[in-house]
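> Residue numbers 5 to 200, in my numbering, belong to the letters of the sequence shown in order.
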Amino acid sequence: MEKIILASASPRRKELLEQIGAAFEIRKAEGEEVITSDIPQEVVKELSGQKAQEVAEKAAGTVIIGADTVVAIEGQILGKPKDRADAVRMLKLLQGTDHEVITGVTVILKEQGKRICFAEVTKVHVFPMTDAQIKAYVESGEPMDKAGAYGIQGRFAAYVSGIEGDYNNVVGLPVGRLYQELLAVGVDLTERTNIG
């Protein structure tokens with residue numbers, strides 16, 4: 005049996021994997037992130053790869069899943085806000101327009117000697133927001149640990165006019181594609197149990 009490890013402390017990624025019935029352990033990658041590209045799809049693949057590799061070198065798991073999510077708008081990459089002012093800045097960019105949420109996923113299959121890496125893109129349409137709405141949302145604290153300073157599954161849902169693509173990708177992990185990619189190499193996330 006494979007021992008599956010999620011190389012992330014994100015509660016949203018944990019919930020998404022649990023939702024599809026996966027059994028796994030969590031090991032947070034703590035190394036410094038090194039970015040060598042300014043192309044969003046490449047950035048998230050790089051970062052997810054670094055997380056998966058770091059955990060694969062330390063943990064006894066056989067299937068290591070790393071993920072990283074960014075928001076991209078007009079050539080800018082938005083990660084997690086540094087502070088409330090940064091969150092306000094990000095939300096002012098996103099309100100009343102469209103942007104992309106990109107999640108990079110890297111899976112290291114130790115026993116098979118394989119590595120799967122992909123980036124999933126979802127387009128999100130946001131209603132116009134007033135300065136007061138942005139301020140109130142930021143003061144709720146919800147945006148502070150999320151790429152692009154919002155959580156589509158939380159209060160920010162009131163400002164989303166639509167999406168094109170995978171909703172779960174916006175939450176933080178495209179579990180449908182991840183499941184299919186692993187199934188293609190003989191790993192069924194929903195039939196695995198953790199061992200010790």
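Backbone N, C-alpha and C define an ideal beta-carbon position, used for all residues, glycine too. Keep in mind that this is a model prediction, so the values were computed, not measured.
#1: Can you tell me where the alpha helix (DSSP H) holding ASP90 begins and where it ends?
#2: On the DSSP letters alone, give me the boundaries of the beta strand (DSSP E) that GLY108 sits inside.
#3: Does the Cβ of LEU187 have 16 or more other Cβ atoms within 10 Å, making it buried, or fewer, making it exposed?
#4: Grab me the residues of LYS41's own chain with a C-beta within less than 7 Å of its C-beta, minus the 5 sequence neighbours each way, in chain order.
#5: Give the straight-line distance between the Cα atoms of THR126 and LEU97, rounded to the nearest whole angstrom.
#6: Go ahead and label SER12 buried or exposed: buried means 16 or more other beta carbons lie within 10 angstroms of its beta carbon, across all protein chains shown.
#7: How close, in whole Å, do the beta carbons of HIS103 and VAL74 come, if the pair is a contact with beta carbons under 8 Å?
#8: From the DSSP output, in three-state form, read off ILE138 for me.
#9: Going by DSSP, which residues form a beta bridge with VAL74?
The relevant details are as follows:
#1: 88-98
#2: 102-113
#3: exposed
#4: According to the sequence provided, residue 41 is Ser. The question's Lys does not apply to it. The answer, listed in chain order, is VAL47, GLU50.
#5: 17 Å
#6: buried
#7: Between VAL74 and HIS103 the Cβ distance is about 10 Å, and since that is not below 8 Å, they are no contact.
#8: helix
#9: ILE106
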